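Asker: Please read through the structure below; I'll follow up with questions.
Numbering (our numbering), first residue to last: 241 to 781.
Listed below in structure tokens is the structure:
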């Protein structure tokens, strides 16, 4: 006898939103409920496994390639499925949240791909979760054009053939969606909510447009987590009646443990795999998180001193390119986070030169594409890849067999000749407070000091404060990293913000709350796995 149909999910503690009934249909919620019933128990086991693995790293202060999967790495015969036409040329990708204005601007940007983000660039308010889905539906049905009432500016989509291909990023496995619960009151994983609603409403619609349901998978820590996603994909395609292999997924290699399992991750997803991406800030955050008790040799310097030319970062990116091309997958490079200034041409000139050098390096290293955070950077990145690719859609034929990376190379943090600085501490506090305050207001992508910051940069900021204090780092000015010093710097920053924006704006914001939360996650003896977990408890809406 077949299992009974799952009960509809309950919407919990959420104000009704305009047109939410178009997203939260009975049929869509039944699909999400079935995903939850089938896959959340395994998700829970894999989260517990993360903790076990972290404890093992704390005990050994090392990581290696998995002996039990050596046969997969040694077998040269397997490849991932060929890329669909809409994902074959990915030379420039733009990232950003799914608000209405960003949706139109990203699709119109000239980038080949838009990473439509429900994860680090989006604070998970119920409004952002539901209306973000609605904006994507409206984009595909060309019902999204609008005029901004405040500015009078009109936004309209270009013709379909000029629009970027959407690759949607759901939340990571660790985050729940508190506004959707099953009959036992258990929250549904945010990953299944985001994936389920998007896939259910748009899979066939995207096929009709000559594209497909494509995804970026964040925060993956092992090939077993990739296997779970593959099981979700197989079930979902059968459920809505589209061919197996229609879904394509690009996995962000943004955790240090996943860097040791790149081939296995592609293997688990091989019928659905599109590529791997080098996610820089989360990767550094993951190194700190996993090796935080490893002593001085694992202490990272200021985040801006850890460039992609650092030996351990170069090992990571070159291994990623080699792995992807060996298996027929796309290798996608990292983020150019600069936000052009409308007021300072000199700032732009210097920054554009840095972006160009970064993208030239990626293209010459064999990457097939790369990320930017702003439409003005699309032409710069495009030029770097056009020079190398010409008319070719990618350079997967560059196998990079010259690359040889040993397990120790990926965690050779002390190969970098740089030290933490007092200015680095100040910057970490500044970015942390300013980002968290915006996040608590529902903004996930925030321009701070001409850089687009998201949850990943806030994570590395608070992790570095935590690590430097716990390692007893002494800065170049003679100050030692202590809780008292962090509190002093945070108090000075709060005062500076009050002076900068004025008393009225300060009172209207979440500045004290953000200050307190940054200090909590930076100073607590028990290191929080993710900043967004305690922050979500304070997020309104």
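Ideal Cβ positions, reconstructed from N, Cα and C, are used throughout, including at glycine.
Since we're looking at a predicted model, the values are computed, not measured.
Leaving out five residues before and five after residue 616 in sequence, what residues of the same chain have Cβ atoms less than 8 Å from its Cβ?
Answerer: 580
Asker: Can you have a look at residue 782 and say buried or exposed, based on whether 16 or more other CB atoms are within 10 angstroms of its CB?
Answerer: Nothing can be reported for residue 782, as the shown portion of the chain is limited to 241 through 781.
Asker: What is the DSSP secondary structure of residue 354, reduced to helix, strand or coil?
Answerer: strand
Asker: For residue 458, count neighbouring Cβ atoms within 10 angstroms of its own Cβ and tell me buried if that reaches 16, exposed if not.
Answerer: buried
Asker: Residues in the same chain with beta-carbon distance under 6 Å from residue 241, minus the five sequence neighbours each way, listed in chain order, please.
Answerer: Summary for residue 241: the model assigns pLDDT 39, below 50, so the residue's position carries little reliability, and this model does not support an answer.
Asker: Determine which residues share a DSSP beta bridge with residue 335 and list them.
Answerer: 355
Asker: Assess contact between the region 490-508 and the region 558-566, defined as three or more Cβ pairs (one per stretch) separated by less than 8 Å. Is contact present?
Answerer: Output reads yes: the region 558-566 touches the region 490-508.
Asker: Using a threshold of 8 Å, state whether the C-beta atoms of residue 618 and residue 353 are closer than that.
Answerer: no
Asker: In whole angstroms, what is the alpha-carbon distance linking residue 776 and residue 363?
Answerer: 9 Å
Asker: Give a yes or no on contact between the region 341-353 and the region 391-401, applying the rule of three or more CB pairs nearer than 8 Å.
Answerer: yes
Asker: For residue 517, report the span of its beta strand (DSSP E) as first-last.
Answerer: Counting along the chain, the unbroken beta strand (DSSP E) around residue 517 starts and ends at 513-518.
Asker: Excluding the 5 residues flanking residue 461 on each side, which residues of the same chain have their C-beta closer than 7 Å to its C-beta?
Answerer: 290, 495, 497 and 498
Asker: Which same chain residues, not among the five before or five after residue 413, have their C-beta less than 6 Å away from its C-beta?
Answerer: 283 and 431
Asker: For the beta strand (DSSP E) that contains residue 420, what are its first and last residues?
Answerer: 416-421
Asker: Might you give, ordered along the chain, the residues of its own chain that have their beta carbon closer than 6 Å to the beta carbon of residue 523, omitting 5 neighbours on each side?
Answerer: 494
Asker: Is it true that the CB of residue 259 sits closer than 8 Å to the CB of residue 374?
Answerer: In this structure, residue 259 lies closer than 8 Å to residue 374 by Cβ.
Asker: Taking the continuous alpha helix (DSSP H) assigned at residue 262, which residues delimit it?
Answerer: Unbroken run through residue 262: none, as it is neither H nor E.
Asker: Look at the alpha carbon of residue 702 and the alpha carbon of residue 536, and state the distance between them as a whole number of angstroms.
Answerer: 18 Å
Asker: Sort out for me which residues DSSP pairs residue 578 with in a bridge.
Answerer: 691
Asker: Using three-state DSSP, classify residue 252 as helix, strand or coil.
Answerer: coil
Asker: What residue range does the beta strand (DSSP E) around residue 427 cover?
Answerer: Per DSSP, residue 427 belongs to the beta strand (DSSP E) from 427-429.
Asker: Going by Cα to Cα distance, which pick from 405, 635 and 306 is closest to residue 569?
Answerer: Comparing alpha carbon positions, the residue from 405, 635 and 306 closest to residue 569 is 635.
Asker: Take the Cβ of residue 423 as the centre, count every other Cβ of all protein chains shown within 10 Å, and call the residue buried at 16 or more, exposed below.
Answerer: exposed
Asker: Leaving out five residues on either side along the sequence, give the residues of the same chain with a beta carbon under 7 Å from the beta carbon of residue 694.
Answerer: 360, 361, 684 and 685
Asker: Restricting to Cα atoms, I'd like to know which of 335, 730 and 254 is closest to residue 576.
Answerer: 335
Asker: When the Cα atoms are used, what is the spatial distance from residue 647 to residue 598?
Answerer: 25 Å
Asker: Report the CB separation of residue 809 from residue 698 in whole angstroms; it is logged as a contact under 8 Å.
Answerer: What the structure shows of the chain is the stretch from 241 to 781, and residue 809 is not part of that stretch, so it cannot be assessed.
Asker: Less than 8 Å between the beta carbons of residue 508 and residue 467, yes or no?
Answerer: yes
Asker: Using the beta-carbon count (16 or more within 10 Å), is residue 644 buried or exposed?
Answerer: exposed
Asker: For residue 454 versus residue 491, is the C-beta spacing smaller than 8 Å?
Answerer: no
Asker: Does DSSP put residue 532 in a helix, a strand or coil?
Answerer: coil
Asker: Over what stretch of residues does the alpha helix (DSSP H) that includes residue 468 continue unbroken?
Answerer: 463-480
Asker: Between the Cα of residue 727 and those of 519, 607 and 706, spot the shortest distance and give me the residue it belongs to.
Answerer: 706
Asker: Residue 451: which of 403, 417 and 425 sits nearest, CA to CA?
Answerer: 403
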